[in-house]
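Step one of this worksheet: look at the structure below.
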Amino acid sequence: MSVPTTAGAPTAQVLPNVDLKTASYVSSARTRRTVEAWLIRIILYVIIAVMLFPVLYVVLYSLKGGGPSLYSATFIPEVLTFDNYRRVLDGQFPTWVWNSLILGLSSAIIVVFFSTLAGYAFSRMRFPGRKYGILSLLIIQSLPTTLAVTAYFRMLDLVGLYNSRIGMIAIFGFGGSALAVWLMRNFMDSIPKDLDEAAALDGASQFRIFWTIILPLVQPMLVAQFIFAFIGTYNEYILTSILLSSPDKYPLGVGVRTLSTQFNTQWTLFCAAAVLGSIPILIIFFLAQRLLVEGLTKGSVKG
404 MSVPTTAGAP
414 TAQVLPNVDL
424 KTASYVSSAR
434 TRRTVEAWLI
444 RIILYVIIAV
454 MLFPVLYVVL
464 YSLKGGGPSL
474 YSATFIPEVL
484 TFDNYRRVLD
494 GQFPTWVWNS
504 LILGLSSAII
514 VVFFSTLAGY
524 AFSRMRFPGR
534 KYGILSLLII
544 QSLPTTLAVT
554 AYFRMLDLVG
564 LYNSRIGMIA
574 IFGFGGSALA
584 VWLMRNFMDS
594 IPKDLDEAAA
604 LDGASQFRIF
614 WTIILPLVQP
624 MLVAQFIFAF
634 IGTYNEYILT
644 SILLSSPDKY
654 PLGVGVRTLS
664 TQFNTQWTLF
674 CAAAVLGSIP
684 ILIIFFLAQR
694 LLVEGLTKGS
704 VKG
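Numbering (my numbering), first residue to last: 404 to 706.
Now the structure itself:
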């Protein structure tokens with residue numbers, strides 16, 4: 404039965420009560436998400452500011468003239484000068500950087516080479532003691548480096564490699580491969596084994612499968628391994644300060660220490676050396692940051 408209406412009179416459309424509640428809920432949820440987003444942004448900005456403040460302080464302090472105190476009241480230098488950088492470059496700084504580059508690049512190549520081979524073996528091959536081998540990698544990695552200083556010193560002294568670059572490269576290259584092997588194995592586990600089986604059916608050998616299939620796919624992890632091995636060796640201080648005694652073989656970390664003596668510390672030169680020493684790391688990171696993030700993400704999702 405139809406309800407009679409007055410001709411020409413507009414009909415009022417009344418929203419159900421449930422629609423009003425839904426609209427109110429949607430508006431409240433949108434407001435809550437906006438507030439949460441701004442809170443996250445503020446927290447991130449604060450974290451970024453806290454992390455960047457020491458960097459900015461070092462850069463500005465390296466541009467100060469004379470020998471001001473590290474706790475000077477002025478944050479921004481009254482007069483900017485690059486004389487500190489000139490004095491650093493005229494000294495032993497180039498030799499320190501060169502030694503660090505030799506140790507870092509050589510050790511990184513060794514880490515990448517052996518971690519790739521060992522990671523492939525742990526990921527694709529089945530052999531007795533495989534699980535115990537993987538477990539031993541975690542145990543080795545969990546031990547602090549300082550526990551092995553005495554053993555490293557004694558070992559290098561016995562083989563005549565104390566105070567030598569070759570000895571340091573061997574320690575950093577082979578001693579730093581445990582975590583690299585673990586990450587490489589996890590990365591290779593994420594690659595479908597169907598690719599290996601299809602290649603094996605076509606008559607491909609283990610080496611050909613590794614070289615033509617696996618190796619191109621693990622390129623992001625190779626880059627990540629190389630960068631982290633290089634940075635770890637480049638920034639090393641404890642082992643190099645104990646196992647190297649000749650000033651002409653000092654890497655950057657140990658060399659910069661010579662700018663500080665018992666009675667005087669040249670903080671402006673110290674900061675200038677720190678800024679210059681960071682340039683190789685920044686260049687490598689910005690050139691390979693995409694592959695670095697991809698390699699770390701895929702290498703840590705499976706265990």
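For glycine and all other residues, C-beta sits at the position ideal for the given N, C-alpha and C.
Compare the C-alpha of residue i against each of the options and name the closest.
i, options, result
"ASP592", "TRP499, SER663 and THR519", "THR519"
"SER465", "ILE450, LEU483 and LEU455", "LEU483"
"GLU639", "ASP651, ASP597 and THR549", "THR549"
"VAL582", "GLY658, GLY635 and GLY494", "Note that residue 582 is Leu in the sequence shown here, rather than Val. It is GLY635 whose Cα lies nearest to the Cα of LEU582."
"ASP651", "ALA603, VAL626 and ASN502", "ASN502"
"ILE616", "ILE630, PRO595 and GLU481", "PRO595"
"ILE684", "GLN495, TYR637, ILE641 and TYR488", "TYR637"
"PHE590", "LEU541, TRP614, ILE569 and ARG527", "ARG527"
"ASN487", "ARG529, GLN669 and GLN692", "GLN669"
"LEU540", "GLY578, THR661 and GLU439", "GLY578"
Give every residue of the same chain whose Cβ lies closer than 8 Å to the Cβ of residue i, excluding the five residues on either side of it in the sequence, and list them in chain order.
i, result
"ILE537", "PHE525, TRP585 and ARG588"
"LEU690", "none"
"ILE479", "LEU463"
"PRO497", "none"
"ILE446", "none"
"ARG379", "Any property of residue 379 remains undetermined from this structure, which presents the chain solely from 404 to 706."
"ARG533", "PHE525"
"ILE686", "none"
"PRO407", "Because PRO407 sits at a pLDDT of 49, beneath the cut-off of 50, its placement in the model cannot be relied upon, and the point is left open."
On the DSSP letters alone, give me the boundaries of the alpha helix (DSSP H) that residue i sits inside.
i, result
"ARG529", "No alpha helix (DSSP H) holds ARG529; DSSP gives it neither H nor E."
"PRO595", "Looking at the DSSP string, PRO595 is not in any alpha helix (DSSP H), and its letter there is neither H nor E."
"VAL621", "Careful: VAL621 lies outside any alpha helix (DSSP H) and carries neither H nor E."
"ALA607", "No alpha helix (DSSP H) holds ALA607; DSSP gives it neither H nor E."
"GLY576", "568-578"
"ASP486", "486-493"
"ALA554", "552-561"
"VAL657", "655-660"
"ILE479", "Where ILE479 is concerned, there is no enclosing alpha helix (DSSP H), given that its DSSP letter is neither H nor E."
"SER644", "641-646"
Tell me which residues share the same chain as residue i and place their Cβ nearer than 7 Å to its Cβ, disregarding the 5 neighbours each side in the sequence.
i, result
"VAL491", "LEU672, ALA675, ALA676 and LEU679"
"ALA415", "Reliability of the predicted coordinates at ALA415 is poor, the pLDDT of 47 falling under 50, and the value obtained from them is presented with this limitation in mind. No residues qualify anywhere along the chain."
"VAL417", "For VAL417, the predicted model reports a pLDDT of 49, less than 50, meaning its position is unreliable; a value from the coordinates is still stated below. Hits under 7 Å: none found."
"TYR523", "MET591, PHE613 and ILE617"
"ARG489", "none"
"ALA601", "none"
"GLU481", "none"
Report, in whole angstroms, the separation of the C-beta atoms of residue i and residue j, which I expect to be a contact under 8 Å.
i, j, result
"ALA632", "VAL514", "4 Å"
"TRP499", "TYR653", "6 Å"
"PHE688", "ILE630", "7 Å"
"SER510", "GLY576", "4 Å"
"TYR555", "ILE574", "6 Å"
"SER608", "PHE517", "Contact doesn't hold; Cβ gap of about 21 Å is too wide."
"LEU642", "VAL552", "7 Å"
"GLN495", "GLY658", "6 Å"
Would residue i pass as an interface residue toward chain C - the criterion being a Cβ-Cβ separation below 9 Å?
i, result
"TRP441", "Any reference to chain C falls outside this structure, which holds one protein chain only."
Looking only at its chain, what residues have a beta carbon closer than 6 Å to the beta carbon of residue i, apart from the 5 residues adjacent to it on each side?
i, result
"MET404", "Because the pLDDT at MET404 is just 45, under 50, the model does not fix this residue reliably, and the value given afterwards should be weighed accordingly. Cβ within range, chain order: n/a, list empty."
Is any heavy atom of the ligand SAH found at a distance shorter than 8 Å from the C-beta of residue i?
i, result
"LEU538", "Annotation note on the ligand SAH: not contained in the displayed structure, which lists no ligands."
message = Across the stretch 643-655 and the stretch 549-559, are there enough close Cβ pairs to call them in contact, namely three or more that are closer than 8 Å?
response = A contact exists between the stretch 643-655 and the stretch 549-559.
request  = Answer yes if the stretch 496-510 comes into contact with the stretch 539-546, meaning at least three C-beta pairs across the two stretches below 8 Å, and no otherwise.
outcome  = In this structure the stretch 539-546 does not lie against the stretch 496-510, because fewer than three pairs of beta carbons, one per stretch, are closer than 8 Å.
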